[in-house]
Amino acid sequence: MEECSSSQRVGRQGTSASGVSMVVTPHISVVIPTHLPKKNRDSLLKLFTSLKEDNLSRGLDIILVANFSRDLAFLENLLREMREYFYDLRIFATNKESANIARNFGAMKARANYLYFIDDDCALIKSNYLESLLQFMKENADISALGGGYTESNEQSKKRRNHVYAYLASKWLENAVENERGETCYLIGGNTLYRREVFDEGFNFDPQMSYGGTETSLNVQLYQHGKILIYRSEFKVYHHFNLSFFEFIKKAYRQGGGKAHNLQNNLTLKSSISKKKISSDRQMREENLFYFKLYDYFFQLGLNSKTQKHKIPLWKRGLMKMELIFAPPLVKKIYHKVRHFLYMSGIFIYYKIIHRIFCKIYYMSEYHWRGYLRPMGNFLLGRKKK
340 MEECSSSQRV GRQGTSASGV SMVVTPHISV VIPTHLPKKN RDSLLKLFTS
390 LKEDNLSRGL DIILVANFSR DLAFLENLLR EMREYFYDLR IFATNKESAN
440 IARNFGAMKA RANYLYFIDD DCALIKSNYL ESLLQFMKEN ADISALGGGY
490 TESNEQSKKR RNHVYAYLAS KWLENAVENE RGETCYLIGG NTLYRREVFD
540 EGFNFDPQMS YGGTETSLNV QLYQHGKILI YRSEFKVYHH FNLSFFEFIK
590 KAYRQGGGKA HNLQNNLTLK SSISKKKISS DRQMREENLF YFKLYDYFFQ
640 LGLNSKTQKH KIPLWKRGLM KMELIFAPPL VKKIYHKVRH FLYMSGIFIY
690 YKIIHRIFCK IYYMSEYHWR GYLRPMGNFL LGRKKK
């Protein structure tokens with residue numbers, strides 16, 4: 340990555356603007372990659388407020404790296420508002436739109452022996468959060484990285500797709516844990532503390548990675564080289580996100596592409612971990628099933644599209660998307676409408692007949708697509724019988 344020119348860099352070095360004497364060496368360097376910071380103003384302010392209220396705020400070296408941002412006026416204002424609360428606050432604007440490039444740049448500029456990476460839409464929950472992370476790392480000298488998960492606010496959990504996405508992210512982390520200590524191969528980029536030695540030894544975030552799960556390649560490399568990564572469920576931060584329907588689909592597709600990128604670069608895991616599957620709990624409400632399947636389908640679509648790009652025409656991919664996503668819920672919706680009509684009309688004699696017909700059609704569409712629908716789909720998509 341090209342380093343920021345002097346006109347692009349806004350920040351300072353040394354003591355605080357208020358003249359208060361600071362510690363010589365910062366406790367933690369906090370690296371925050373962001374894109375379009377003016378658009379994310381509210382979430383950025385929440386993040387900086389939580390950092391300001393942390394017990395270690397005077398010992399924090401804050402590095403904000405704005406991807407492809409021309410809004411330097413907003414960055415200057417943010418700097419003036421927040422710089423006095425920390426050991427140092429430096430803001431850089433880069434000409435590359437990549438979270439990993441921003442993270443690598445922040446790691447290069449970091450001054451502390453511990454580097455904490457957090458996203459611009461996150462915020463600390465407790466005032467002793469970073470202190471607890473640092474204490475855990477100091478008590479376990481063999482650990483190279485320590486991370487936790489996300490938690491959502493009450494407003495976010497009201498939307499089913501937000502709840503499903505948060506649930507899948509937590510299960511993805513929990514299913515990779517190998518023992519009671521919390522050793523793992525997966526950590527998230529928005530809530531992880533690394534030792535500086537990790538980057539001094541030449542490890543870094545993949546700059547070519549622009550899909551979902553951009554931090555996975557680094558963590559898997561560390562795992563393969565015998566480094567110890569720890570996931571602890573008690574270390575959580577707020578994740579302020581509100582996914583629209585299409586943003587939910589985009590997330591799934593990009594994360595599938597990220598997995599394909601790692602597979603192509605031989606960043607595979609041992610079978611005991613890689614074969615673990617994320618499955619929904621029985622306690623999850625039945626209406627969430629649609630979003631689970633929607634996520635899984637577009638994740639697989641992203642995974643396959645990166646390995647078989649341009650081999651399938653666009654119109655065929657469109658039919659394939661509709662084939663498994665919309666038909667089963669549509670059949671189910673029609674069934675409930677018909678059942679309600681029969682119940683309200685008092686025509687109970689046909690209830691069992693309609694129920695059996697529906698079960699047959701739904702089973703066919705949900706699992707096998709046999710009968711008339713599957714052959715028709717094969718004909719339209721040009722598939723051959725096996």
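In this note's numbering, the protein residues as written are 340 to 725. Even glycine gets a Cβ: it sits at the ideal position worked out from N, Cα and C.
Could you name the residues of the same chain whose beta carbon sits closer than 6 Å to that of residue i, not counting the 5 residues immediately before and after it, in chain order?
i: residue 610; result: For residue 610, the predicted structure reports a pLDDT of 39, less than 50, and the residue's modelled location is therefore unreliable. A value from the coordinates is still provided. Nothing meets the Cβ criterion.
i: residue 392; result: 466
i: residue 642; result: 595, 598 and 599
i: residue 448; result: 402
i: residue 394; result: 466, 467 and 470
i: residue 348; result: Only weak support is given to the placement of residue 348: the predicted model assigns it a pLDDT of 42, under 50, and the question is left unresolved by the model.
i: residue 385; result: 462
i: residue 344; result: Summary for residue 344: the model assigns pLDDT 34, below 50, so the residue's position carries little reliability; its value from the coordinates is reported in the next sentence. Nothing listed; no residue qualifies.
i: residue 591; result: 634, 637 and 638
i: residue 539; result: none
Measure from the alpha carbon of residue i to the alpha carbon of each residue in the options, then state which is nearest.
i: residue 569; options: 530, 582, 424 and 523; result: 523
i: residue 383; options: 366, 403, 491 and 556; result: 403
i: residue 578; options: 513, 401, 563 and 459; result: 459
i: residue 546; options: 489, 446, 400 and 628; result: 446
i: residue 379; options: 365, 413 and 366; result: 413
i: residue 530; options: 541, 472, 515 and 517; result: 472
i: residue 517; options: 399, 427 and 571; result: 571
i: residue 603; options: 640, 548, 636 and 589; result: 548
i: residue 422; options: 451, 453 and 387; result: 387
Within 10 angstroms of its Cβ, does residue i collect 16 or more other Cβ (buried), or is it exposed?
i: residue 573; result: exposed
i: residue 583; result: exposed
i: residue 360; result: Low local confidence applies: a pLDDT of 47 at residue 360 is under 50, so the model's placement there is unreliable, with the coordinate-based value given in what follows. The residue in question, residue 360, is exposed, as its Cβ has fewer than 16 Cβ neighbours within 10 Å.
i: residue 429; result: buried
i: residue 416; result: exposed
i: residue 710; result: Bear in mind that the predicted position of residue 710 carries a pLDDT of just 48, short of 50, making it too unreliable to give a figure here.
i: residue 419; result: exposed
i: residue 575; result: buried
i: residue 541; result: exposed
i: residue 365; result: buried
i: residue 585; result: exposed
i: residue 311; result: What the structure shows of the chain is the stretch from 340 to 725, and residue 311 is not part of that stretch, so it cannot be assessed.
i: residue 587; result: buried
For residue i, which residues in the same chain have their Cβ closer than 8 Å to its Cβ, ignoring the five residues on either side in sequence?
i: residue 483; result: 533, 534, 536, 537, 561, 566, 567 and 568
i: residue 501; result: 491, 495, 580, 581 and 582
i: residue 464; result: 389, 490, 575, 576 and 577
i: residue 425; result: 355, 390, 391, 396, 397, 399, 400 and 401
Might you give, ordered along the chain, the residues of its own chain that have their beta carbon closer than 7 Å to the beta carbon of residue i, omitting 5 neighbours on each side?
i: residue 444; result: 340, 404, 431 and 433
i: residue 555; result: 525, 597 and 601
i: residue 648; result: Confidence in residue 648 is poor, its pLDDT being 49 and thus under 50, which makes the residue's placement unreliable; the coordinate value appears in the next sentence. Here the set comprises nothing.
Could you pull out every unbroken beta strand (DSSP E) segment of at least 3 residues lying fully inside the stretch 401-450, listed in chain order? 427-433
Any chance the stretch 503-521 sits against the stretch 426-446, with 3 or more Cβ pairs inside 8 Å? Counting Cβ pairs under 8 Å, fewer than three are found: no touch.
contact_flag[the stretch 369-376, the stretch 449-459] where n(CB pairs < 8 Å) is 3 or more: Yes, the stretch 369-376 touches the stretch 449-459.
Runs of beta strand (DSSP E) wholly within the stretch 491-554 (minimum 3 residues, chain order): 530-534
Within the stretch 372-402, note down every full alpha helix (DSSP H) run reaching 4 residues or more, in order along the chain. As far as the stretch 372-402 is concerned, its whole alpha helix (DSSP H) runs of at least 4 residues are 380-391.
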